Amino acid sequence: MALVLSFEKKDLEHASKQKPVEATYSTFDLDGEQFFQIDTYGSSDRKLVGKRSQSIRLNRESASRLIDLLQQEFSLD
């Protein structure tokens, strides 16, 4: 699991298509701090189907920064 505190833009050398996977999100408080967590699950051809693959956790500040980046990169209003 990763608690993301900041973001830095990095250009990819080789972009490739990825297989779609299922994702869930959770919100919770821990020691008085609010978190938003995204969990992804392996593709249907994975050995252990339904097993959580990755977790990304954001606190209030990093979630706000991600919203700003998404609005900027996708030209969202």
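Its first residue numbered 1, the sequence shown is counted upward by one per residue in our numbering. Using N, Cα and C, we set each Cβ at its ideal position, and we do this for glycine too. Predicted model, so just to flag it, every value in this text is computed and none were measured.
DSSP bridge partner residues for residue i (one or two, in chain order)
i	result
Leu-58	Val-4 and Phe-36
Phe-74	Beta-bridge pairing links Phe-74 to no other residue.
Ser-26	Gln-37
DSSP state of residue i mapped onto helix, strand, coil
i	result
Ser-43	coil
Asp-68	helix
Ala-63	helix
Ser-95	Absent from the model: residue 95. The displayed extent of the chain is 1 to 77, so no value can be given.
Alpha-carbon spacing of residue i relative to residue j, whole angstroms
i	j	result
Val-21	Tyr-41	6 Å
Asp-77	Phe-35	24 Å
Ser-43	Lys-17	14 Å
Asp-39	Gln-54	6 Å
Phe-52	Arg-46	The sequence shown places Arg at residue 52, rather than the Phe named in the question. Rounded to whole angstroms, Arg-52 to Arg-46 spans 11 Å at the Cα level.
His-14	Glu-73	19 Å
Thr-27	Asn-59	10 Å
Gln-78	Tyr-25	Past the boundaries of the shown model lies residue 78; the chain is included only from 1 to 77, so the question cannot be answered.
Residue i and residue j closer than 9 Å at C-beta
i	j	result
Arg-65	Met-1	no
Meets three-Cβ-pair contact criterion under 8 Å: the segment 52-71 and the segment 6-19: yes
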